[in-house]
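Below is one structure, written out as structure tokens; comments come after it.
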Amino acid sequence: LTAYREAALALSNSGGCLPALMSLLRDEMGSQMTRPLELRKCTMETLAAITLAVGRMNGEEAPVKSAIQNLEGVGAAQVAFAVFSSTSSLITSHDSPQAQLREAAGLVLAGMTSCSPDTLAILK
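In terms of the numbering used here, the sequence shown opens at residue 1 and continues consecutively.
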């Protein structure tokens with residue numbers, strides 16, 4: 001697990017990774033979805049893995065704090081909440097890519113709520 005946690009910190013603290021992931025997901029919030037569903041699902045699953053790993057660390061070390069701030073700064077919780085609560089994703093079969101996207105968004109929220117008080121405010 002150490003390697004996964006180190007990878008999550010590296011991805012969170014590198015300059016361009018989180019903004020790139022978020023640019024692939026922000027489509028979901030607009031009126032038109034131009035990104036392929038499979039791409040958005042994989043992106044959300046990647047973001048879920050990062051947030052769950054960072055959320056489990058929840059330490060006082062500078063890299064962990066920085067990772068949490070970066071996740072908050074790019075709006076990971078807001079985008080995940082928008083996808084999770086999207087009405088277009090409520091009526092799907094259990095194994096559809098849309099349902100998997102929504103499930104990954106829920107995992108992002110779970111990871112973020114364990115380390116970010118700001119995320120709790122979004123969910124209220």
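Using N, Cα and C, we set each Cβ at its ideal position, and we do this for glycine too. Keep in mind that this is a model prediction, so the values were computed, not measured.
Other residues of its chain near residue i: CB distance less than 6 Å, five sequence neighbours each side excluded
i: residue 17; result: 11
i: residue 118; result: 72
i: residue 43; result: 21, 24, 25
i: residue 69; result: none
i: residue 1; result: none
i: residue 45; result: 104
Beta-carbon proximity list for residue i, same chain, < 8 Å, skipping 5 on both sides
i: residue 26; result: 79
i: residue 81; result: 105, 109, 122, 123
i: residue 39; result: 24
Whole-Å CB distance - residue i paired with residue j, under 8 Å assumed
i: residue 8; j: residue 53; result: 4 Å
i: residue 55; j: residue 114; result: 4 Å
i: residue 67; j: residue 112; result: 11 Å between Cβ atoms; not a contact.
i: residue 48; j: residue 120; result: At roughly 18 Å, the Cβ-Cβ gap does not stay under 8 Å, so residue 48 and residue 120 are not in contact.
i: residue 83; j: residue 19; result: Contact doesn't hold; Cβ gap of about 17 Å is too wide.
First through last residue of the alpha helix (DSSP H) which encompasses residue i
i: residue 123; result: 117-123
i: residue 101; result: 97-113
Cutoff 7 Å; reference residue i; Cβ partners in own chain excluding five residues on either side
i: residue 50; result: 8, 11, 12
i: residue 41; result: 97, 100, 101, 104
i: residue 57; result: 5, 64
> Which ranges does the alpha helix (DSSP H) cover as unbroken runs of at least 4 residues, wholly within the segment 9-84, from first to last along the chain?
Replying inline: If we require 4 residues or more, the alpha helix (DSSP H) runs fully inside the segment 9-84 come out as 17-25, 37-57, 62-73, 76-84.
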